[in-house]
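Residue numbers (our numbering), protein chains in the order written: chain A, 30 to 349; chain B, 6 to 313; chain C, 4 to 228.
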Amino acid sequence: MLDIKNIYKNFGDLQVLKGVSTHVDKGEVVVIIGVSGSGKSTLLRCMNLLEEPSFGEVWMEGKLMTPPDPYLHWDVIRSSKTYRRLVSEGLSDDEAIKKIKAEDLLKERHPKYEGPEYVSQMKKIYEENGIDINLGRQKMGMVFQSFNLFNNKTVKENITLAPIKIGKQRLKDAKKRGKPLDKTPDDIVNEANAKAMKLLERIGLQDKADVYPSTLSGGQRQRVAIIRALAMEPDVMLFDEPTSALDPEMVGEVLDLIRDLVKDGMTSVIVTHEMGFAKEVADRVIFMHDGVIAEEGTPDQVFNHPQNPRCREFLSKVLK
Amino acid sequence: MKNINKFLCIVLALAMILALSACGSKSDAKLSAAYDKYLAEIKANGATGANGTLTVAISPDFAPMDFYDVAKNGDDAIVGFDVLLANYLAQELDMTLVLKPMSFDACMAAVQTGNADIAISGFSWTFERSQNFAISDYYIAGDNETEQSVICLKENEGKFTKAEDFVGYKIGYQGASLQQVLVEETFGGMDVDISQAYVDLGTAVEALKAKQIDFLAVAHGNGDSIIANASDAIAFTGFDFEVAEIYKNNVCLINKDNTELLDLVNAALNKALVEEIYSGWYDACKVYAGISTLDELGFDDEGNKIKD
Amino acid sequence: MTFFTNIAKIMAKYWQTFLLQGIGYTLLLSVIAVAGGAFFGSLLALAKRSKLRILKALVNALVEVVRGTPVLLQLYIGVFVFPMLIPRLSSLPYIYSVSIVLVINSSAYVSEIIRSGIEAVDIGQMEAARSLGLTQRTAMLSIVLPQAVKNILPALGNEFITVVKETSLASTFFVGELMTAYLKVKGNTYLTMECLAIVGVLYFALTFILSKLLKAMERRMKARA
């Protein structure tokens, strides 16, 4: 469902991610653990492109959300002038590709330098697979450490804003294409409101529908933030340390809600420091260290039989 | 509620000031009678404006040479001796007059940058100005420049008549003015404190009132204006400067490159001087500015000069 | 006591110059400067967030120059140099050039107010909106800007009050506002302190009423959110 291919992320000179590849299957729950600064939050943010990867590709349900990364497509490399030059200098196909990848020889900033064939290859990949970044994001719900509820909107408006705006835009686009949908803008508003109330009922906050987020407790805010993401009916949920900013007595209610979602089969990627929770809900655990995946496996493998010494060290500190 | 009351108070207070002021204002029509007559005479010359516009930079904060009649609108509101002269020049040159009011400093900048053709604002000849501008021939504005005097607080009226009398005192003047030149020439070698220059005459008068300076050097005409508004506090000392011929009169400033205009203006000024065209203007302006009455200066109520 | 009788005399004769012309032109110039400043300042703020580096650099340079030079100097340039660039201006009264300068000046300050107002909104608000699939534009318009306005309005009010006082510099070109009224009447009467006292009271009254109005507006904004 979600494919991460060879992601690199640099902030200036600082390399935060150094080639991360993984995939998330439908219905799977992946928990990412690791020390602060290991790149786990950055990896999550790269998944829905809140951070744009420096290299690599993100694929959502078979659609490419990032620009194509030429190093991931051998055909593209073979179409470049640099490759042809290396081959004419006597390197074999395999050697040339390895050299280009290892030394970052493609002139990406000046794609024309690599010749028209290279440019058209890149274009072709994007045209065949590319997807508007906003469309991709609509399929991913994101939950932030600091909730990020819209301060200027009521709880209900927080939940309905995106469905209404995007729903109306879809109506317009459909009309423009000459295939109008069988809906009015009012239908969209009513549907969004009804869904919002249903979601609020699910977390028992229906009486808070018309208050502003500043009057809610931290736990309530995070639960509203979660159902705000659910209102877009995402195919995968990304949780970025959802309980880290909460007072201890409120952690439970948020974890209960996430547990509920996971039980219902929601595909999820969760960055967390709650090891007990990770063990309980994860189908697969990823241990990040220094910008790479250092250990990956079932909870039993990672927590009980870790192979990587860094992972062992980390777990011995957090599991006392 | 409290706030609304406060607002009401302020609004009421403003309304009262307005009402009181309105009651107190009376017509000044008579004061301008002589002036209006001269202006009408000048304009009767019948210029068509065939030679384009004459843009004049003027600093109307200097009664009676250049000032505002607040009862009038637009360009008409700027009045005074220099305005009559500007109108006269426009007629002689067959040009349409445009007055551009601005501060004294800005007048010079306007001519230098070509935003005004000529600056007419009670300028005196100075060496520095002669370096940076084409300076016209002189014109004589009554006693405004020919007589240069010193004013003081009322209690010293008439007590200081010779330069030596001022030893040990402090005498102020407007910076970069003819008075500064005169003060420096007259008292430079003596034990007189001449360190204080003022940015404008009004400020200098306040300093005199506050006894920050003992004396203030002024053109006689400005002195008249000042005393007319503060006759209980300020008076002439009785001392007049000896004014070299070159300082006695006013000049116009023209852009250095515009010699053509300079020649035309000089011809017109000389004609006015020879034919005594502006002989009554200064008195009319003094009346207009409320410095003298019509009667004192020998005008009848319609503004006709009946005696000298 | 003569001081107050002098003021009464001056007001009797020149009340229109101060109260109608003076206050009228001061308010006119201030409203032009702030309204123009708000409009063009918003455009400049947008340009500052633009991806075009040249545009960004130009706007930043303009803002720095405007903030780094005295308003009086800008007025001189506006009055004497602008007409060389725009010949149409030279036949118009100075109040046009003066208005243009005040609008440019105010735009620079307002653009900074808007920029910092937007930057003061937690970046998480934008991220949350984008993560839901909203476009940059929608996120800006429905989430970030409404919150930024709350930071911007009080600062904009202060700018208005500053501008009211700054218009006094336009008196160098006798455009008619309060300080020009002072110059005119002082030029006629040579009663400097009295005239200063009058315009002082009037400036204070203007800014005081303005700041009260702005405070009332702020309270209403707060009550609503």
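All residues carry an ideal CB built from backbone N, CA and C; glycine is no exception.
**Asked** Is any beta-carbon of chain B found at less than 9 Å from that of Lys-225 of chain C?
**Response** no
**Message:** Please tell me whether Gln-139 of chain C has its Cβ less than 9 Å away from any Cβ of chain B.
**Reply:** no
**N- and C-terminal bounds of the alpha helix (DSSP H) containing His-225 of chain B** = Boundaries of the alpha helix (DSSP H) harbouring His-225 of chain B: 225 to 234, taken from the DSSP string.
**Asked** Between the region 185 to 196 of chain A and chain C, which residues of the former have CB atoms less than 7 Å from a CB of the latter, in chain order?
**Response** Leu-190, Ala-191, Lys-194 and Ile-195
**Item:** Neighbourhood of Val-321 of chain A by C-beta, 7 Å cutoff - its chain only, sequence neighbours within 5 removed
**Value:** Correct list, in chain order: Lys-47, Gly-48 and Val-49.
**Item:** Within chain A, partners of Glu-130 of chain C - CB distance below 9 Å
**Value:** Arg-74, Leu-79, Met-171, Phe-173 and Asn-177
**Item:** Reduced DSSP category for Trp-88 of chain A - H, G, I as helix; E, B as strand; rest coil
**Value:** The answer is strand: DSSP assigns Trp-88 of chain A an E or B state.
**Partners in chain B for Thr-8 of chain C, counting only beta-carbon separations shorter than 7 Å** = In chain order: nothing, as chain B lies at least about 11 Å away.
**Message:** Only counting the same chain, and skipping five residues up and downstream in sequence, which positions put a Cβ closer than 6 Å to that of Cys-112 of chain B?
**Reply:** Ala-62, Ser-64, Ala-124 and Ser-126
**Message:** For Ala-132 of chain C, which residues in the same chain have their Cβ closer than 7 Å to its Cβ, ignoring the five residues on either side in sequence?
**Reply:** Within the same chain, Cβ atoms closer than 7 Å to the Cβ of Ala-132 of chain C are found at Ala-142 and Ile-146, the five residues on either side in sequence being excluded.
**Request:** Grab me the residues of Phe-84 of chain A's own chain with a C-beta within less than 6 Å of its C-beta, minus the 5 sequence neighbours each way, in chain order.
**Result:** Cβ neighbours of Phe-84 of chain A beyond the five flanking positions: Tyr-37 and Asp-98.
**Message:** I need the DSSP call for Met-266 of chain A, collapsed to helix, strand or coil.
**Reply:** strand
**Message:** Rounded to the nearest angstrom, what separates Glu-124 of chain A and Glu-137 of chain A at their Cα positions?
**Reply:** 20 Å
**Asked** If you draw a straight line from the alpha carbon of Val-64 of chain A to that of Asp-319 of chain A, how long is it in whole angstroms?
**Response** 9 Å
**Message:** Do Leu-135 of chain A and Ser-106 of chain A have their beta-carbon atoms positioned less than 9 Å apart in this structure?
**Reply:** With the sequence shown as reference, residue 106 of chain A is identified as Ile, and Ser is not the correct amino acid for it. Yes, the Cβ-Cβ distance between Ile-106 of chain A and Leu-135 of chain A is below 9 Å.
**Asked** Which residue spans inside the region 199 to 227 of chain B form an unbroken beta strand (DSSP E) run of at least 3?
**Response** The region 199 to 227 of chain B contains these whole beta strand (DSSP E) runs: 220 to 224.
**Request:** Give me whichever residues DSSP pairs with Tyr-143 of chain B in a beta bridge.
**Result:** None; Tyr-143 of chain B has no bridge partner.
**Request:** Within 10 angstroms of the Cβ of Ala-27 of chain B, are there 16 or more other Cβ atoms? Answer buried if so, exposed if not.
**Result:** In this prediction, Ala-27 of chain B scores a pLDDT of 47, lower than 50, which makes its location untrustworthy; no coordinate-derived value is stated.
**Asked** If we cut at 9 Å on Cβ distances, does Ala-27 of chain B have a partner in chain C?
**Response** Only weak support exists for where Ala-27 of chain B lies, its pLDDT of 47 falling under 50; the value from the coordinates is given anyway. Closer than 9 Å: yes.
**Prompt:** If you check the beta carbons only, do Thr-192 of chain C and Ile-13 of chain C fall under 9 Å apart?
**Reply:** yes
**Prompt:** DSSP state of Asp-245 of chain B, grouped into three classes?
**Reply:** strand
**Request:** Specify the secondary structure class of Leu-109 of chain B as computed by DSSP and reduced to three states.
**Result:** Residue identity differs from the one stated: residue 109 of chain B is Phe in this sequence, not Leu. Three-state DSSP puts Phe-109 of chain B in a helix.
**Item:** chain B contact for Tyr-193 of chain C (CB, 9 Å cutoff)
**Value:** yes
**Message:** So, at 6 Å on beta carbons, what are the nonlocal neighbours of Gln-174 of chain A in its own chain, with the 5 sequence-adjacent residues on each side left out?
**Reply:** Asp-269, Glu-270, Ser-273 and Ala-274
**Message:** Please report the distance separating the alpha-carbon of Ile-195 of chain A from that of Leu-137 of chain C.
**Reply:** Cα to Cα, the separation comes out at about 7 Å.
**Prompt:** Listed in chain order, which residues of the region 116 to 144 of chain B have Cβ atoms closer than 9 Å to some Cβ of chain D?
**Reply:** This model lacks chain D altogether, as its protein chains are A, B and C.
**Prompt:** Alpha carbon to alpha carbon, what distance is there between Glu-160 of chain B and Met-2 of chain C?
**Reply:** This structure gives no information on residue 2 of chain C, because the portion of chain C shown stretches from 4 to 228.
**Message:** Against Val-292 of chain B, what residues of chain C qualify as contacts under a CB-to-CB distance less than 9 Å, listed in chain order?
**Reply:** Contact of Val-292 of chain B with chain C by beta-carbon distance below 9 Å is absent, the smallest such distance being about 13 Å.
**Prompt:** What do you get for Met-182 of chain C, buried or exposed, if any count of 16 or more other CB atoms within 10 angstroms of its CB means buried?
**Reply:** buried
**Request:** Within its chain, find whatever has a CB closer than 8 Å to the CB of Gln-77 of chain C; leave out the 5 residues flanking it on each side and keep chain order.
**Result:** Val-69, Val-104, Ile-107 and Asn-108
**Asked** Where do the ends of the alpha helix (DSSP H) carrying Asn-325 of chain B lie?
**Response** With chain B covering 6 to 313 only, the question about residue 325 of chain B has no answer from this structure.
**Request:** Below 7 Å CB to CB, which residues in the same chain sit around Asp-33 of chain B once its five sequence neighbours on both sides are set aside?
**Result:** With a pLDDT of 48 at Asp-33 of chain B, under the threshold of 50, the modelled position of that residue is not reliable, and the figure given next carries that caveat. Taken in chain order, the residues that qualify are Ala-76.
**Message:** Measuring straight from C-alpha to C-alpha, what distance separates Asp-236 of chain A and Met-279 of chain A?
**Reply:** Distance between the alpha carbons of Asp-236 of chain A and Met-279 of chain A: 19 Å.
**Request:** Report the rounded CA-to-CA distance for Thr-301 of chain A versus Asp-285 of chain A, giving the unit in angstroms.
**Result:** 14 Å
**Prompt:** Which value, in whole angstroms, describes the spacing of the CA atoms of Phe-332 of chain A and Leu-344 of chain A?
**Reply:** 7 Å
**Asked** Between which two residues does the alpha helix (DSSP H) harbouring Asn-222 of chain A extend?
**Response** That run of the alpha helix (DSSP H) goes 214 to 231.
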